[in-house]
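In the order they appear, the protein sequences are chains A and B. If you're matching positions, the first sequence starts at 1 in the working numbering and goes up one per residue. If you're matching positions, the second sequence starts at 107 in the working numbering and goes up one per residue. Here a beta-carbon is modelled for each residue, glycine too, at the ideal position from N, C-alpha and C. Structure first, commentary second.
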Amino acid sequence: MVTLGQYLIVSGLLFTIGFAGVLLRRNIIIIFMSLELMLNAANLSLVAFSRFRLGVDGMPNYNAQVFVFFIITVAAAEVAVGLAIIVALYRARQTTHVEDINSLKF
Amino acid sequence: MTIGAPILEVEVLVIGLFVLMVEAFFERIDKRTLAFAAIFGLAAVLAASFFLAPAPTDVATTGFWSFYTADLLAIFFKRFALVTTILVLVMMVDYAPVVRQSVHGTTHQSGLGEFFALPIFTCVGLMWMASAIDFVMIFVSLELVTMSFYVLVSFTRRNPATLEAGVKYLILSALSTGFLVYGITWIFGVTGETNLARVTAVLADPALESGPALFGMVLVLVALGFKIAAVPFQMWVPDVYQGAPTPVTAFLSVGSKAAGFVVLLRVLQPFFMMPQMVKALTIIALLTLLYGNLAALPQTNLKRLLAYSSIAHAGYLLIGVVSFAGEAVAYYLVAYLLMTLLSFAVLVVVANQTGDNIEDFSGLAKRSPFLAFAMLVAMASLAGVPFTAGFLGKFYIFDAALRQHQTTLVVVGVITVACGFYYYLKVVRAMYWDGSSIDAPVPVSRLSRVTMTAMMVAIVVLGVYPQPILNALK
């Protein structure tokens, strides 16, 4: 039987991997993938919390599951807009590496 | 005749869709007409907001009113969002020539309609955010605002600096979204609720293990720190503000920040009895004040200077939040709206002729006394000269902080205000004392002239007679 704690550990790991990816990787596409990983970490723990915190009538707390659908939808919209911006950047600069994007400094 | 508060958002949404549809199907018309139509429509909605039916005051357990509230704070910030959007649209009309140059398209006005439609959708998001009392609602409306800003920030995509700003904003905003969602997850995990009032009720139980909820709250604070540009989550601000199209920068610095503060005021309520929270916010406020004001000192680009100034103002607003002074925060935000949008409005017009560095403002007093005077009023108010709204705003904030015995914050605040005088008056000196190689007058459209005059009058009037704003929240 998988416990709530184990789900939370996996979700925490996913979040950490995502955050580390954002901080350490240098390719914007991979940074963007890591960001999606962070959102999915939240989804996993939301579903786990919902499944393990049964209400008085023995049903899962569906608020969290509905919230997960909102997160999935928003993440999809974010990818649509985000990838469009990254493609526009690639067309202008022929690169997706963060080191090359440094013209704005004082 | 009265109408329900949720109708306001629907009306604004319809205006936005209308502008978008006309943009899509009518290529021939002058797109600036769309902006004027939108300004008129939003002004009508603003007028309608004074005839609202009273909303149910008790929090419903299920259904619409458990997500949405129409209390005084919400109505106040709905009007705030509408006024901001109207002023930004006025600025965008002036900015239209720049958009034309830097967007690919078949006709010379391609994409201009979208440029006018997106702020309206952002406005809907801001208005929903003002009313959100449930974490799901907060998340969705926050994302509506952020997503429209992604497109707006990188709108003039032939300009490489804009694209760079767009990508930076995209990555860091998405990161803050990740923190927000994960934080909400933990608060939900502990309390089993997403509605703020019920989260408060559950957290008030002393037997509850509140550690994980506090962890979640810290993550939510990180996310909101991004939105309001508080140190140490401010690193995106200077680059994005400098690279984005100027009216969008203005919108970002007023709309996004105000919405962040409304959510902050609402979300912090369940957690304010915890002393750790107040301590953490005090430290963030101190760092924000010092960083914003000190980093602004050596700036030579006016947009970048205003970016650091916006960080500094987030610091003063945070003093108000830490001192539980909701009214002082609201008044300060109104003053901030007026003076920031006024300075950006002048910047848009002047930058069309020369550029957005401070030296481009040299001798503006001779080229256009009106614009120079408008900028003088904006800068004086931002610095906090008496008889301006900026002065009274700081006064109320410091007064509230003294009542809560936050002496350190007040001392640092007053010192940084002195610091602010230096860099704001640097712009004034350039305009009035430095000579200029150009002496062609700067053309100002009649609409911007009227708007700027209105903002100047509002700054001075609210600086001596603040009662209308203070009473709006009572």
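Please list, in chain order, all residues of the same chain as residue i whose beta carbon is under 8 Å from its beta carbon, the five residues on each side excluded.
i: Val452 (chain B); result: Leu477, Ala480, Met481, Ala484, Met558
i: Phe367 (chain B); result: Ile334, Leu423, Val427, Val435, Leu439
i: Tyr62 (chain A); result: Ser50
i: Pro203 (chain B); result: Asn458
i: Val10 (chain A); result: Leu44
i: Val520 (chain B); result: Phe504
i: Ser208 (chain B); result: Thr262, Arg263, Arg264, Asn265, Thr268
i: Val491 (chain B); result: Phe497
Chain B partners of residue i, CB-CB under 9 Å?
i: Ala41 (chain A); result: Gly284, Val287, Tyr288, Thr291
i: Ile86 (chain A); result: Val273, Leu276
i: Ala76 (chain A); result: None at all; the shortest Cβ gap to chain B is about 11 Å.
i: Leu46 (chain A); result: Val287, Ile290, Thr291, Phe294, Gly295
i: Met146 (chain A); result: As displayed, chain A neither begins before 1 nor continues past 106, which places residue 146 (chain A) out of reach and without an answer.
Give me, in chain order, the residues of the same chain whose beta-carbon lies closer than 6 Å to that of residue i; leave out the 5 immediate sequence neighbours on both sides.
i: Gly421 (chain B); result: Ala391, Thr394, Leu395, Gly398
i: Ser247 (chain B); result: Gly231, Trp234, Met235, Ala238
i: Val296 (chain B); result: Pro318, Ala319
i: Phe106 (chain A); result: Its pLDDT being 48, under 50, Phe106 (chain A) is placed unreliably by the model, and the measurement read from it follows with that caveat. Answer for Phe106 (chain A): no residue qualifies.
i: Met561 (chain B); result: Leu444, Leu448
i: Pro344 (chain B); result: Arg410, Ala413
i: Leu158 (chain B); result: Ala111
i: Thr58 (chain B); result: In this structure chain B extends from 107 to 580, so residue 58 (chain B) is not present and cannot be described.
Nearest-angstrom Cα distance between residue i and residue j?
i: Ala111 (chain B); j: Asp136 (chain B); result: 33 Å
i: Val534 (chain B); j: Val550 (chain B); result: 20 Å
i: Asp462 (chain B); j: Arg263 (chain B); result: 18 Å
i: Thr190 (chain B); j: Ser449 (chain B); result: 14 Å
i: Leu8 (chain A); j: Gln382 (chain B); result: 25 Å
i: Glu299 (chain B); j: Met1 (chain A); result: 26 Å
i: Phe70 (chain A); j: Phe285 (chain B); result: 16 Å
i: Ser142 (chain A); j: Ala271 (chain B); result: Residue 142 (chain A) lies beyond the residue range present for chain A, which begins at 1 and ends at 106; the question has no answer from this structure.
i: Ala401 (chain B); j: Tyr414 (chain B); result: 7 Å
i: Arg91 (chain A); j: Leu276 (chain B); result: 17 Å
i: Gly469 (chain B); j: Thr406 (chain B); result: 16 Å
i: Val87 (chain A); j: Thr268 (chain B); result: 14 Å
i: Gly58 (chain A); j: Pro312 (chain B); result: 26 Å
i: Phe131 (chain B); j: Glu249 (chain B); result: 28 Å
i: Met323 (chain B); j: Val242 (chain B); result: 15 Å
i: Val116 (chain B); j: Phe170 (chain B); result: 15 Å
i: Leu13 (chain A); j: Ala329 (chain B); result: 20 Å
i: His419 (chain B); j: Tyr442 (chain B); result: 8 Å
i: Val517 (chain B); j: Ala506 (chain B); result: 13 Å
i: Cys525 (chain B); j: Tyr288 (chain B); result: 38 Å
i: Glu220 (chain B); j: Phe52 (chain A); result: 46 Å
Along chain A, which residues have their Cβ under 9 Å away from the Cβ of residue i?
i: Val242 (chain B); result: Asn63, Val66, Phe67, Phe70
i: Asp246 (chain B); result: Sequence inspection shows Val at residue 246 (chain B); the Asp mentioned does not correspond to that position. Per Cβ cutoff of 9 Å: Phe70, Thr73, Val74.
Pull the bridge partners of residue i from the DSSP assignment, please.
i: Leu158 (chain B); result: B:Ile109
i: His97 (chain A); result: A:Asn27
i: Asn301 (chain B); result: B:Asp240
i: Tyr174 (chain B); result: B:Ala238
i: Asn463 (chain B); result: B:Asn407
Span of the alpha helix (DSSP H) holding residue i?
i: Lys184 (chain B); result: 178-208
i: Gly169 (chain B); result: From DSSP, Gly169 (chain B) is part of no alpha helix (DSSP H); its letter is neither H nor E.
i: Phe339 (chain B); result: No alpha helix (DSSP H) contains Phe339 (chain B), which DSSP labels as neither H nor E.
i: Tyr437 (chain B); result: 432-459
i: Leu389 (chain B); result: Contrary to the premise, residue 389 (chain B) reads as Ile rather than Leu in this sequence. Ile389 (chain B) -> alpha helix (DSSP H) spans 381-402.
i: Gly487 (chain B); result: Strictly speaking, residue 487 (chain B) in this sequence is Ser, with Gly absent from that position. Taken as a continuous stretch (DSSP letters only), the alpha helix (DSSP H) holding Ser487 (chain B) covers 475-489.
i: Gln510 (chain B); result: Run containing Gln510 (chain B): none; DSSP gives neither H nor E here.
i: Leu358 (chain B); result: No alpha helix (DSSP H) holds Leu358 (chain B); DSSP gives it neither H nor E.
i: Thr557 (chain B); result: 552-570
i: Pro574 (chain B); result: 573-578
Can you name, in chain order, every residue of its own chain whose Cβ lies under 7 Å from the Cβ of residue i, other than the five neighbours on each side?
i: Gln459 (chain B); result: Val548
i: Arg372 (chain B); result: Ile239, Leu302
i: Ile149 (chain B); result: It should be pointed out that residue 149 (chain B) corresponds to Ala in this sequence rather than to Ile. Here the set comprises Ile192.
i: Leu114 (chain B); result: Val151, Ala154, Ser155, Lys184, Met233
i: Val98 (chain A); result: Arg26, Ile28
What residues from chain A crowd round residue i, counting only those whose CB sits closer than 8 Å?
i: Arg372 (chain B); result: Per Cβ cutoff of 8 Å: no residues; Arg372 (chain B) is ~18 Å from chain A at best.
i: Leu269 (chain B); result: Ile85, Ala88, Leu89, Ala92, Arg93
i: Gly122 (chain B); result: Going along chain A, no residue has its Cβ under 8 Å from Gly122 (chain B), so there is no contact; the nearest lies around 16 Å.
What residues of chain A sit near residue i, judged by a beta carbon separation below 7 Å?
i: Leu281 (chain B); result: Val22, Leu35
Which residues in chain B sit within 8 Å of residue i, going by Cβ to Cβ distance?
i: Gly82 (chain A); result: Tyr256, Leu276, Ala280
i: Ile147 (chain A); result: Past the edges of chain A, shown from 1 to 106, lies residue 147 (chain A), and the structure says nothing about it.
i: Gly18 (chain A); result: Gly284
For residue i, go through chain D and note every residue whose CB falls closer than 8 Å to its CB, in chain order.
i: Ser316 (chain B); result: Chain labels in this structure do not include chain D; the protein chains are A and B.
What in chain B is Cβ-close to residue i, meaning under 7 Å?
i: Arg26 (chain A); result: What Arg26 (chain A) touches in chain B: nothing, since even the nearest Cβ is about 12 Å away.
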